[in-house]
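Numbering-wise, the numbering used here puts 83 at position 69 of the sequence shown, and it's gapless, one number per residue. Step one of this worksheet: look at the structure below.
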Amino acid sequence: AWEFQEAVAEVLAVKALAALRHCGLTRLVVAGGVGANRRLRERLDADAAAGGLRVFYPELELCTDNGAMIAFCGARRLMAGARTGGGGAFAIRPRWPLNELTAET
Numbered sequence: 015a016w017e018f019q020e021a022v023a024e025v026l027a028v029k030a031l032a033a034l035r036h037c038g039l040t041r042l043v044v045a046g047g048v049g050a051n052r053r054l055r056e057r058l059d060a061d062a063a064a065g066g067l068r069v070f071y072p073e074l075e076l077c078t079d080n081g082a083m084i085a086f087c088g089a090r091r092l093m094a095g096a097r098t099g100g101g102g103a104f105a106i107r108p109r110w111p112l113n114e115l116t117a118e119t
């Protein structure tokens with residue numbers, strides 16, 4: 015298990031920091047459940063510091079599984095009267111503040 019975690023942390027750190035450099039950025043925010051992984055945090059912090067980059071994380075209690083957040087959003091929509099239609103098609107919204115929820119969205 016340790017070797018798998020180490021391999022995943024290495025791949026994620028290398029790719030995330032390479033993407034920052036490629037885009038000319040210097041800061042990375044790691045959120046969601048993956049942000050709670052201590053080894054990933056250590057690896058990102060070390061590699062970022064060596065490359066003059068910065069990584070930011072929410073408090074550990076806020077690093078939860080995004081699936082729980084998606085389910086909560088779905089429950090709020092259902093309680094607001096939203097129904098699916100059209101064969102299950104839906105629009106993708108990369109940013110969706112909960113205060114914008116309506117039965118139509």
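Positions of the beta carbon are idealized from the N, C-alpha and C atoms, including for glycine.
Asked, Found
"For Val94, does the count of other Cβ atoms within 10 angstroms reach 16, so buried, or fall short, so exposed?", "In the sequence on display, residue 94 carries Ala and not Val. Under this definition Ala94 is an exposed residue."
"Tell me the rounded alpha-carbon separation between Ala45 and Arg68.", "14 angstroms"
"Here's the rule I'm using: 16 or more other beta-carbon atoms within 10 Å means buried, otherwise exposed. How should Gly47 be labelled?", "exposed"
"Closer than 7 angstroms: is that where the CB of Ala50 sits relative to any heavy atom of the ligand ADP?", "With respect to small molecules bound, the structure shown includes none, and the ligand ADP cannot be examined in it."
"What is the residue span of the alpha helix (DSSP H) that Arg35 lies within?", "16-37"
"Tell me the DSSP bridge mates of Arg53?", "None, per the DSSP bridge assignment."
"Is Arg41 helix, strand or coil when you go by DSSP?", "strand"
"Please report how far the alpha carbon of Phe18 lies from the alpha carbon of Val25, in whole angstroms.", "11 angstroms"
"So which of Trp16, Leu34, Arg52, Trp110 has the shortest CA-CA distance to Met123?", "Outside the displayed span of the chain (15 to 119) sits residue 123, for which this structure offers no information."
"Return helix, strand or coil for Glu90, following the three-state DSSP convention.", "The sequence given here places Arg at residue 90; Glu does not occur at that position. Here Arg90 sits in helix by DSSP."
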